[in-house]
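Those protein sequences? They're chains A and B, same order as listed.
The first sequence begins at 85 in the working numbering and counts up by one.
The second sequence begins at 20 in the working numbering and counts up by one.
Working notes, beginning with the structure itself.
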Amino acid sequence: MKTLATAIIVLLMATAPGSVWAKNIDLSTVPTRDTVQLTIYNAEDLTLVRETRRITFKQGANPLQFSWAGTLIDPTSVELRFLSDAEKLSVLDTTFPHDKPQMLYWNVASDFDGEATVEISYFTSGITWSADYVGITSADEKTMRLDGYVTVTNRSGEDYQNASVRLVVGTINLVEQIAMLAQQGVTMERADARGRVMRRAVQEAESKAMFFAGVAADAAVPLPGAKQVVKEGLSEYFIFAIEGEETVPDGWSKRLRSFQADAAPVKVEYRYRPQEYGDQLMRLYLLTNDKESDMGAAPLPDGIVRIFKQKGEAGLAYVTQQAIKYIPIGDKIELQIGVDPNVVFELKMLAANRDNIWGTFGSSVRRRMDEPGIRIEDRGVVEGWDEHEVYEQVIRNYSPAPGSITVEIRRSFGGDCTFISQLDAKAHDYRTVQYRAQVAPGDTLRLRYEVTTRQGSNAKQNRVQVEPGDPTPVAWAD
Amino acid sequence: MRLILLIVTLLLAGSPALARVKLITLPVRQRVLVQLDHEQATLVEEERIVPLVKGVNQVDFSWAGTSIDPHTIVFRLLEPVAAPKATQAEVLAVSYPPGENALVWDVSASASGSFRVRISYLLGGLSKSFNYRAVAEHDESTLTLSQYLRVENFANEAFDDTSIQLGFGDSFEKPIGVNETREMLVAKLPGVPIRKTYTCDVVSNDYLDAGQKKVLIPMHYVLTNDTDHKLGQAALPYGKVRVFQKDTSGGTAFTGEDWGQFTPIDDEMKLYLGVAQDVVVKRTIARRDRTPIAGNLSNYDVAVQYEIENFKDTPVTLDIVEHPANLRGEAGFNSDRGASWTLGDQHTLGAVDAEHSDIEQATFHVELPARKGDKAEKITHKLHLVYRNEWN
């Protein structure tokens, strides 16, 4: 096992006032780490490390050296706190020597001779965590076994053994990147500012009323070594605390299960939403992050979902993989499965015609041009008209699955439009119409509608209106 | 490179250390399934019997020379094989050592015994394609369709006694060696009815002789993927179709090939086989009239005349396809608006085939009799379109 890169050293030297630190020859003791806690943020390359060590102090001045060669620690964030005998101990000053990068000295004044526990905390970059999910749907696609995982990757340059690990879900604000600060030197102003930020973060973490939102439902009888990931809400964040201690050596990744939903109900839906899914009919699995689905204990962090389908004895079929964004408790999980080759979706434009045509005659006279009785020698120019377009949405369901499929269609229209149909259509927004349909296995559904767009000077609005009515019959198609 | 796909059980039960010096057992593969049902990805599933001791076991999975996507590896414990039935086991964690194609599962077992496990992963380098061989009867009324699967194994891993699944039909077992390509007959379907079509579509196919206004007439075989046409068991995947025709001496002649598009059940696969030289269509624009209404507002009349001769000794159906917006431009009426068309009073082509038509494309069918002796009857038809309320 490699030597730990961070070290605290108690310098053994004269403590009388006026004594000076040896320049090149030192004698020191190295107190070992007793505990270490990692709080890893996924939105930023940021980990808060808190470690405790026991140090024996002598009455008077006690110089401590803390060094972190070869790691990615932000020097401006390093802080020392006394967990015991705090009233008898105080940091008189902190020195960042100009000739020794990745090192600092604390000058601690002690009112007593004896042992005290200190906590050293700092930010480091290079430790990250991410979430991912594996979903296996049942053969009939009615339920899904969904396993959530968290993976911790340590590239910080430091081995963290027997660490308690907490993972923070949420987006925090940083004014400077930790990885950049780890490479830079330090000024006292920056150290003070960073110290203030960290003190606030640590205080918030400790003073907020935490609540346990639940515990992942794992095996009924705990197996040897089985761990739970406990979730707690904290301000705008969520913390996943991994039970017990974990060792993640430098360079390694470790993946642990954060929850397991055995049979989350799945709804299959087909959607045509070109702005979201492109110009194709997308098949989706819809689930909910709630108790009924064996979930709902915590939000689901951003991550990749890999979806398989159970084929019984024949094993699994790979379906797709997709990145999902943070899903709050109670919210829907929408998984895009892809285009179903067994459902044919085509839009046919059957007819187009124009009427209510208006023109300008001379400089200011405006009159309708497509009315009987108008004189053809009148010189006029078309400037406004209504365009009528009749469409047929054809959906063929060749899917072998029993039961009807549900299809939701959204189409957007530009300009001053009216959408006329006998469909159960509604306006999704000022320019988008939405309607739904059920298609039985083996059936072909033909959904007819007409769009009237007022063009040129006839256009008075820029929105679509949905009206019930029969589309104009199309002679050749009816 | 020698392939290595190794699963080892580390005899370190109870020890959380991630030592890379280890004593190992080697559980062998019991069964391998290759799932080729996904369009882009190949899923491999392998079953092994893994011995576990009570407590936490480390199961090490490593590979070399193969392109396994480590993030897609799924480890599932199926059931105890040589252990008390109530024995439980569960994956606690997975560790990924740096710089290695390997991972280590921490598996906890409630008692010592062996477990059947299934490991699934996406594997690169194993690809599939389909092709077809169609042998038509001499009279071209039916054909025998043979569907072949071709698997190319550049995954650097041999698959012996592998069960291959396509997502349709039964699975089959064939060994596939490293760098081996294997073609397998998936299905042989005799007596599949063919519909032969001849298409006159100058926009899609251009003229055969532009000076004489003779249109290039492609001939297609159309297969309908339904049970009435002896197909319809599954969608037909994309693939090359080579077509042969039986001759009178009992042999076959190659008559053409085309890419068969993915064809769902109940849909049609249309195969272009070549140009029909014996069906001659001369196409001319016979009428172009502008009827003013007021100002710059007009109606247009455009008529296309077809002079059709069938020099074949069998009657055929000719499909005539016109694109009204293109025809309007071809007649010299330029407009970027949608073509608002209706059939005019000089129209003789009959009703529009609504299933194969929309605003941009109108399809008609004309029955052509066989030639009589060495004379072909010349049939003349007109397509008359009226474009209303146009201006430019």
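Every residue gets a Cβ at the ideal spot worked out from N, C-alpha and C, and that includes glycine.
Small disclaimer: the values here were computed from a predicted structure and weren't measured.
Open item on the list: Taking DSSP's pairing of strands, which residues face W213(A) in a bridge?
Closed with: Locating residue 213(A) in the first sequence gives position 129, counting from the first residue. Its beta-bridge partners are V236(A).
Task: Reference A389(B), options E349(B), T336(B), E379(B), closest by Cα - done: The count along the second sequence starts at 1 and reaches residue 389(B) at position 370. Checked all of E349(B), T336(B), E379(B); the closest Cα to A389(B) is T336(B).
- [ ] Using a cut-off of 7 Å between C-beta atoms, extract the partners of I408(A) located in chain B.
- [x] Taking the first sequence and counting its residues from 1, one reaches residue 408(A) at position 324. Within 7 Å Cβ-Cβ: nothing; I408(A) doesn't reach chain B, min ~15 Å.
Open item on the list: Beta carbons nearer than 7 Å to chain B: which residues of the segment 527-561 of chain A have them?
Closed with: A559, W560, A561
Open item on the list: Strictly under 8 Å for the Cβ-Cβ distance: is R339(A) near chain B by that measure?
Closed with: The residue given as residue 339(A) occupies position 255 in the first sequence. Closer than 8 Å: yes.
Open item on the list: Am I right that Q184(B) and Q54(B) are in contact with their C-beta atoms under 8 Å? What's the rounded C-beta distance?
Closed with: Reading the second sequence from its first residue, position 165 is the one you call residue 184(B). Reading the second sequence from its first residue, position 35 is the one you call residue 54(B). Contact check for Q184(B) and Q54(B): beta-carbon distance about 5 Å, within the 8 Å limit, so the pair qualifies.
Task: Start-to-end residues for the alpha helix (DSSP H) that takes in A344(B) - done: Residue numbering aside, residue 344(B) sits at position 325 when the second sequence is read from its first letter. From DSSP, the alpha helix (DSSP H) with A344(B) extends over 343-349.
Open item on the list: Out of W336(A), A382(A), G309(A), which one is the CA nearest neighbour of P412(A)?
Closed with: The sequence position of residue 412(A) within the first sequence is 328, counting from 1. Closest option to P412(A), Cα to Cα, is A382(A).
Open item on the list: Once DSSP output is grouped into helix, strand and coil, what is the label at P555(A)?
Closed with: What you label residue 555(A) is simply residue 471 of the first sequence in a count that begins at 1. The answer is coil: DSSP assigns P555(A) none of H, G, I, E or B.
TODO: With DSSP collapsed to three states, give me the class of E320(A).
DONE: To locate residue 320(A), count along the first sequence from 1; it is residue 236. Of the three classes helix, strand and coil, the one that applies to E320(A) here is coil, per DSSP.
Task: Proximal residues, the segment 369-389 of chain B versus chain A, C-beta separation under 8 Å - done: A370, V371, A373, S376, D377, I378, E379, A381
Task: C-alpha distance - V371(B) paired with W560(A), whole-angstrom precision - done: Here the question's residue 371(B) lines up with position 352 in the second sequence. Here the question's residue 560(A) lines up with position 476 in the first sequence. Each residue's Cα considered, the two are about 6 Å apart.
Open item on the list: For chain B, check one thing: does any of its Cβ atoms lie closer than 8 Å to the Cβ of I93(A)?
Closed with: In the first sequence, the residue the question calls residue 93(A) occupies position 9. Using a Cβ-Cβ cut-off of 8 Å, I93(A) does not count as an interface residue toward chain B, since no Cβ of chain B sits closer than that to its own.
TODO: May I ask you to verify whether the segment 488-500 of chain A touches the segment 371-388 of chain A, counting CB pairs closer than 8 Å and requiring at least 3?
DONE: no
Open item on the list: Mapping the DSSP letters down to three states, classify E409(B) as helix, strand or coil.
Closed with: Working through the second sequence from its first residue, we reach residue 409(B) at position 390. In the structure shown, E409(B) sits in a strand (DSSP, three-state: E or B).
- [ ] Look up P311(B) in the DSSP assignment and say whether it is helix, strand or coil.
- [x] For the purposes of this step, residue 311(B) is identified with residue 292 of the second sequence, where counting begins at 1. Reduced to three states, the DSSP call for P311(B) is strand.
Open item on the list: Does chain A have any CB closer than 8 Å to the CB of N120(B)?
Closed with: On the second sequence, residue 120(B) is found 101 positions in, with the first residue counted as 1. Chain A, which has no Cβ nearer than 8 Å to the Cβ of N120(B), makes this no.
Open item on the list: Which complete alpha helix (DSSP H) runs does the segment 136-210 of chain B hold, if anything under 4 residues is left out?
Closed with: none
- [ ] May I have a chain-ordered list of the alpha helix (DSSP H) segments no shorter than 4 residues that lie completely inside the segment 214-261 of chain B?
- [x] 221-224
Open item on the list: Applying the 10 Å Cβ sphere with the 16-neighbour rule, what's the burial state of V424(A)?
Closed with: In the first sequence, counting from the first residue as 1, residue 424(A) sits at position 340. With the sequence shown as reference, residue 424(A) is identified as Asp, and Val is not the correct amino acid for it. Under this definition D424(A) is a buried residue.
TODO: Assuming N315(B) contacts N353(B) (C-beta within less than 8 Å), just tell me the rounded distance between them.
DONE: Walking along the second sequence from the start, residue 315(B) turns up at place 296. Walking along the second sequence from the start, residue 353(B) turns up at place 334. Incorrect: roughly 13 Å between the Cβ atoms, too far for contact.
TODO: Could you tell me which chain A residues have their CB closer than 8 Å to the CB of Q280(B), listed as they occur along the chain?
DONE: In the second sequence, the residue the question calls residue 280(B) occupies position 261. Among the residues of chain A, none has a CB under 8 Å from the CB of Q280(B); the nearest is roughly 11 Å distant.
Task: Integer Cβ distance of S337(A) from S114(B), believed to fall under 8 Å - done: For the purposes of this step, residue 337(A) is identified with residue 253 of the first sequence, where counting begins at 1. For the purposes of this step, residue 114(B) is identified with residue 95 of the second sequence, where counting begins at 1. S114(B) and S337(A) do touch by the CB rule: their CB atoms are close to 7 Å apart, below 8 Å.
Open item on the list: For D374(A) and Q344(A), I'd like the C-alpha separation in whole angstroms.
Closed with: Mapped onto the first sequence, residue 374(A) falls at position 290. Mapped onto the first sequence, residue 344(A) falls at position 260. Roughly 13 Å between the two C-alpha positions.
- [ ] Starting from Q359(A), trace the alpha helix (DSSP H) both ways and give me its first and last residue.
- [x] Residue mapping note: residue 359(A) aligns to position 275 of the first sequence, counting from 1. Note, Q359(A): alpha helix (DSSP H), 358-361.
Task: Chain-ordered chain B contacts of K311(A) [CB-CB under 9 Å] - done: As a working mapping, residue 311(A) is identified with position 227 in the first sequence. Result: L111, A112.
Open item on the list: Using a Cβ-Cβ cutoff of 8 Å, what residues of the segment 438-459 of chain A are near chain B? List them in chain order.
Closed with: R438, D439, I441, G443, F445, M453, D454, I458, R459
Task: Chain-ordered chain A contacts of E64(B) [CB-CB under 7 Å] - done: The residue you call residue 64(B) lines up with position 45 of the second sequence. The answer, in chain order, is G399, L400.
TODO: Give me the Cβ distance between G422(A) and T404(A), rounded to the nearest whole Å; I'm assuming they're in contact under 8 Å.
DONE: Locating residue 422(A) in the first sequence gives position 338, where the first residue counts as 1. Locating residue 404(A) in the first sequence gives position 320, where the first residue counts as 1. With 8 Å as the limit, G422(A) and T404(A) qualify as a contact, their Cβ atoms being about 5 Å apart.
Task: Residue from Q420(A), N238(A), F429(A) with nearest C-alpha to G219(A) - done: Here residue 219(A) refers to the residue found at position 135 of the first sequence. Of the candidates Q420(A), N238(A), F429(A), the one whose C-alpha sits nearest the C-alpha of G219(A) is Q420(A).
- [ ] Round the Cβ separation of A153(A) and Q186(A) to the nearest angstrom and send it over; I've been treating them as touching at under 8 Å.
- [x] Residue mapping note: residue 153(A) aligns to position 69 of the first sequence, counting from 1. Residue mapping note: residue 186(A) aligns to position 102 of the first sequence, counting from 1. Indeed they touch by this definition, with Cβ atoms about 5 Å apart.
Open item on the list: For chain A, check one thing: does any of its Cβ atoms lie closer than 8 Å to the Cβ of W410(B)?
Closed with: In the second sequence, counting from the first residue as 1, residue 410(B) sits at position 391. Cβ-Cβ to chain A under 8 Å: yes for W410(B).
Open item on the list: For L404(B), would you say it is in contact with chain A, using Cβ-to-Cβ distances shorter than 8 Å as the test?
Closed with: Locating residue 404(B) in the second sequence gives position 385, where the first residue counts as 1. Answer no: the Cβ-Cβ gap between L404(B) and chain A never drops below 8 Å.
Open item on the list: Let me make sure I understand the geometry here. Which of G258(B), E374(B), T161(B), L242(B) has the alpha-carbon closest to that of M288(B)?
Closed with: To locate residue 288(B), count along the second sequence from 1; it is residue 269. Of G258(B), E374(B), T161(B), L242(B), the residue nearest in Cα terms is L242(B).
- [ ] Could you tell me whether any Cβ in chain B is nearer than 8 Å to the Cβ of G464(A)?
- [x] By 1-based counting over the first sequence, the position of residue 464(A) is 380. True, the Cβ-Cβ gap to chain B drops below 8 Å.
Task: Residue of S161(A), T140(A), G443(A), Q312(A) minimising C-alpha distance to V133(A) - done: Numbered from its first residue, the first sequence carries residue 133(A) at position 49. Nearest of S161(A), T140(A), G443(A), Q312(A) to V133(A), Cα basis: S161(A).
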